[in-house]
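Presented below is the structure to which this report refers.
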Ligand SMILES: Nc1ncnc2c1ncn2[C@@H]1O[C@H](COP(=O)(O)OP(=O)(O)O)[C@@H](O)[C@H]1O
Ligand SMILES: [Mg+2]
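Residue numbers (this note's numbering), protein chains in the order written: chain A, 2 to 367; chain B, 11 to 286.
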């Protein structure tokens with residue numbers, strides 16, 4: 002059963018149309034990540050769920066009950082804010098207990114719950130401190146602890162990790178996911194960071210300009226993007242987009258690049274694209290689907306192409322190589338020692354089983 | 011000269027200057043206190059008596075015996091009650107202005123402009139009004155007036171302090187299960203405690219120091235100490251002893267208030283509430 006159901010949701014700030022028709026169902030216990038560029042309406046959507054913003058039209062149901070007109074406190078929601086929202090004049094203990102006190106929880110129970118949450122988040126030694134005496138990572142744990150003790154029906158996170166440095170962010174990402182597994186609660190997590198979305202989500206909802214561009218499991222979106230926007234948003238480095246033409250070749254199909262290179266499509270995929278024959282397309286290739294061509298026979302559907310490397314960026318485990326393909330700067334993610342220096346001419350293999358073809362006009366994936 | 015010596019020298023100069031300035035500003039207050047303890051002869055003595063031969067409380071005793079000291083009590087009542095009311099109403103109005111944009115962008119500016127009105131321009135129309143209502147020389151009349159006059163100031167100041175509170179602190183409390191009123195008590199007031207006290211002090215001091223309204227709107231029942239002092243400027247002679255004793259009584263509460271609230275006058279308790 003859906004724990005949260007949003008139907009036809011619109012939100013205007015004055016004349017600014019921030020949320021433009023959202024329909025969304027979130028099953029109980031799921032970890033959903035709302036992801037999208039800054040300003041696409043993620044926070045607004047989250048805040049309408051919490052009841053912190055009025056909605057212009059549509060309905061929001063929590064556990065089958067329409068909550069449109071319920072005050073935030075009556076929605077049984079816990080929320081973690083981007084800037085922690087801790088009270089500087091209260092000790093950590095009181096910050097965590099704050100939500101329980103609003104609900105007249107017995108003192109003994111508060112004590113137990115705060116201690117349990119603090120142990121879970123490894124902040125039990127900080128309970129007597131004030132927020133100003135804590136580091137960013139500790140503040141974040143307190144903020145999460147404050148939500149966790151609540152035992153709410155729905156947990157909302159608005160970019161909780163964006164103020165932390167990279168290493169701490171990786172660590173907390175894992176912890177929040179672990180917390181979800183332990184608590185088994187419905188959680189909605191907002192971020193602009195596609196890596197956070199990919200690593201944490203049971204389901205990603207990708208927002209663009211106040212609408213849902215695509216929703217699905219992380220790998221679903223990654224491997225079967227519905228639009229060019231989704232294909233380009235997920236993955237780092239991003240997918241390469243190369244203008245091309247879909248042409249006949251022998252009795253199959255091939256993609257012809259502007260420099261004349263002809264890349265044949267595997268037969269099973271060719272059938273799917275046949276009705277787009279002789280049309281302009283955009284070829285989408287992920288960097289990891291380009292590799293250094295081995296001398297031995299290529300797998301079916303893999304084609305070879307010779308390029309001159311412009312730029313080499315080793316990361317340690319992998320090396321990013323940049324070169325021109327069909328007149329466009331293209332990035333390949335190669336093995337660490339596959340290329341060593343710019344201006345090297347190498348033979349690369351493109352896995353045509355994994356490429357996407359995009360209609361340049363509608364930007365939809367074919 | 012070595013650098014450290016030069017630094018010490020500069021420090022010494024600074025202390026000397028600070029001491030001189032302090033003496034300069036404290037002298038009238040010192041003089042006021044001294045006069046209040048002198049006998050009439052000493053007050054008029056020439057050359058002036060810097061330190062009375064014996065500390066005399068007779069000036070004060072007279073004030074208490076005649077009941078004149080009660081006017082200080084009147085001042086306390088009207089200033090205290092009007093401050094409490096103005097702070098309460100003003101803070102609520104300020105919250106509404108800050109968080110709900112009540113009255114749009116300009117209402118706040120319009121409200122503060124009310125405070126700029128010169129008292130002398132409104133005191134006589136108010137007097138006529140008060141005569142009509144029978145509020146002249148009543149606590150109610152003075153308290154109402156001071157409250158009304160201080161409200162714009164309180165609203166303006168508190169609106170600024172409230173706007174400085176990160177809104178997420180309030181929203182977190184709303185989500186956590188608190189009502190708006192509880193959010194005011196548990197979040198807004200503690201977050202702008204320094205501002206509340208600082209504003210309250212200025213509000214109190216305005217009412218405490220007011221002369222013109224009290225002069226016109228009181229007679230005998232609720233005359234404040236500022237009005238009472240003027241009664242000692244006689245036709246032929248001024249009662250300097252009484253004047254100074256009454257003035258000391260009027261100054262003491264301000265000293266006490268400021269001494270206790272000093273740390274709140276220095277703003278900054280809520281800085282760094284939210285990082286980011
Ligand atoms: N209180 C507000 N008043 C007016 N416009 C707002 C307000 N809050 C957000 N917006 C606008 O709505 C859009 C979506 O904002 P937001 O939901 O905060 O985006 P995100 O969280 O995805 O970065 C943005 O264009 C933003 O400028
Ligand atoms: Mg946001």
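Quick reminder that beta carbons are idealized off the backbone N, C-alpha and C, glycines included. If you're wondering where the values come from, they're calculated on a predicted model, not measured in any experiment.
Give the C-beta separation of residue 299 of chain A and residue 350 of chain A to the nearest angstrom, bearing in mind that I take them to be a contact with Cβ-Cβ under 8 Å.
With a Cβ gap of about 6 Å, residue 299 of chain A and residue 350 of chain A count as contacting.
For the region 84-96 of chain A, enumerate the residues whose C-beta is nearer than 9 Å to any C-beta of chain B, in chain order.
For the region 84-96 of chain A, the set of residues with a beta-carbon nearer than 9 Å to any beta-carbon of chain B comprises 84, 85, 86, 87, 88, 89, 90 and 91, in chain order.
Ignoring anything shorter than 4 residues or poking outside the region 218-286 of chain A, list the alpha helix (DSSP H) runs there in chain order.
Along the region 218-286 of chain A, the alpha helix (DSSP H) occurs as fully enclosed runs of 4 or more residues at 219-224, 229-234 and 268-274, listed in sequence order.
Report yes if the CB atom of residue 288 of chain A is closer than 9 Å to the CB atom of residue 240 of chain A, and no otherwise.
Taking 9 Å as the cut-off, the Cβ atoms of residue 288 of chain A and residue 240 of chain A count as close.
Provide the residue span of the beta strand (DSSP E) that contains residue 438 of chain A, from first to last.
What the structure shows of chain A is the stretch from 2 to 367, and residue 438 of chain A is not part of that stretch, so it cannot be assessed.
Cα-Cα, which of B/169, B/37 and B/69 is closest to residue 256 of chain B?
When only C-alpha atoms are compared, the closest one is B/69.
Just checking my contact of residue 29 of chain A with residue 187 of chain A at CB under 8 Å: how many whole Å lie between their CB atoms?
The C-beta distance from residue 29 of chain A to residue 187 of chain A rounds to 5 Å, short enough to fall under 8 Å.
Per-residue burial, residue 108 of chain A [other beta carbons within 10 Å of its own, 16 or more giving buried]:
Around the CB of residue 108 of chain A, fewer than 16 other CB atoms lie within 10 Å, so the residue is classed as exposed.
Which whole runs of the beta strand (DSSP E) in the region 143-168 of chain A are 3 residues long or more, in chain order?
Runs of the beta strand (DSSP E) inside the region 143-168 of chain A: 155-159.
In chain A, which residues lie with their C-beta within 8 Å of the C-beta of residue 188 of chain B?
For residue 188 of chain B, the neighbours in chain A by C-beta distance under 8 Å run, in chain order, 74 and 103.
Please confirm whether residue 201 of chain B has its beta-carbon closer than 9 Å to some beta-carbon of chain A.
So yes, residue 201 of chain B belongs to the interface.
Hey, is the region 231-245 of chain A in contact with the region 265-272 of chain A, meaning 3+ C-beta pairs nearer than 8 Å?
Contact between the region 231-245 of chain A and the region 265-272 of chain A is absent, with fewer than three C-beta pairs closer than 8 Å.
Chain A partners of residue 2 of chain B, CB-CB under 9 Å?
This structure does not reach residue 2 of chain B, given that chain B is present from 11 up to 286, and the question cannot be answered.
Going by beta-carbon coordinates alone, are residue 221 of chain B and residue 236 of chain B separated by less than 9 Å?
Yes, Cβ-Cβ distance for residue 221 of chain B and residue 236 of chain B is below 9 Å.
Just mark residue 244 of chain B as buried or exposed, buried being the case when its beta carbon has 16 or more other beta carbons within 10 Å.
Residue 244 of chain B should be labelled exposed.
Cα-Cα separation, residue 213 of chain A to residue 75 of chain A:
Answer to the nearest angstrom: the Cα atoms are 27 Å apart.
6 Å CB neighbourhood of residue 249 of chain B in its chain, flanking five on each side removed
Cβ neighbours of residue 249 of chain B beyond the five flanking positions: 242.
Leaving out the 5 sequence neighbours to the left and right, which residues in its chain are closer than 8 Å to residue 195 of chain A when beta-carbon positions are compared?
Result list for residue 195 of chain A: 36, 234, 235, 236 and 237, in chain order.
Compute the minimum distance between the beta carbon of residue 29 of chain B and the heavy atoms of ligand 1, and state whether it is under 8 Å.
Incorrect: residue 29 of chain B has no Cβ contact closer than 8 Å to ligand 1.
C-alpha gap between residue 51 of chain A and residue 17 of chain A, whole angstroms:
If you take the alpha carbons of residue 51 of chain A and residue 17 of chain A, they lie about 20 Å apart.
For residue 45 of chain A, is the beta carbon positioned less than 8 Å from some heavy atom of ligand 1?
Yes, ligand 1 has a heavy atom inside 8 Å of this Cβ.
Check whether the region 122-129 of chain B and the region 203-219 of chain B touch, using three or more Cβ-Cβ pairs below 8 Å as the test.
These segments do not touch.
Inter-residue Cα distance where the pair is residue 25 of chain B and residue 19 of chain B:
For the pair residue 25 of chain B and residue 19 of chain B, the Cα-to-Cα distance works out to about 10 Å.
Using a Cβ cut-off of 9 Å (strictly closer), state whether residue 79 of chain A contacts chain B.
Nearest CB-CB separation between residue 79 of chain A and chain B: below the 9 Å threshold.
So, does the CB of residue 208 of chain B fall closer than 9 Å to a CB anywhere in chain A?
Answer no: the Cβ-Cβ gap between residue 208 of chain B and chain A never drops below 9 Å.
What does DSSP give as the partner residue(s) for residue 331 of chain A in the beta ladder?
DSSP, once it has assigned bridges, lists A/324 as partnering residue 331 of chain A.
Alpha carbon of residue 290 of chain A to alpha carbon of residue 226 of chain A, nearest angstrom:
Taking the straight line from one Cα to the other gives about 15 Å.
CB contact check: residue 197 of chain B to chain A, cutoff 9 Å
Chain A contact via Cβ: present.
Contact with chain A by residue 108 of chain B, beta-carbon distance below 9 Å
So no, residue 108 of chain B is outside the interface.
Flag residue 250 of chain A as yes when its Cβ comes closer than 8 Å to any non-hydrogen atom of ligand 1, and as no otherwise.
Every heavy atom of ligand 1 is 8 Å or more from the Cβ of residue 250 of chain A, so no.
May I ask you to check if the CB of residue 371 of chain A is nearer than 8 Å to at least one heavy atom of ligand 1?
Not covered by the structure: residue 371 of chain A. The range shown for chain A is 2 to 367.
Give, in chain order, every residue of the region 130-142 of chain B whose Cβ lies closer than 9 Å to some Cβ of chain A.
Of all residues in the region 130-142 of chain B, none places a beta-carbon less than 9 Å from a beta-carbon of chain A.
I need the straight-line Cα distance from residue 22 of chain A to residue 7 of chain A, nearest angstrom please.
Each residue's CA atom was taken as its position, placing residue 22 of chain A and residue 7 of chain A some 10 Å apart.
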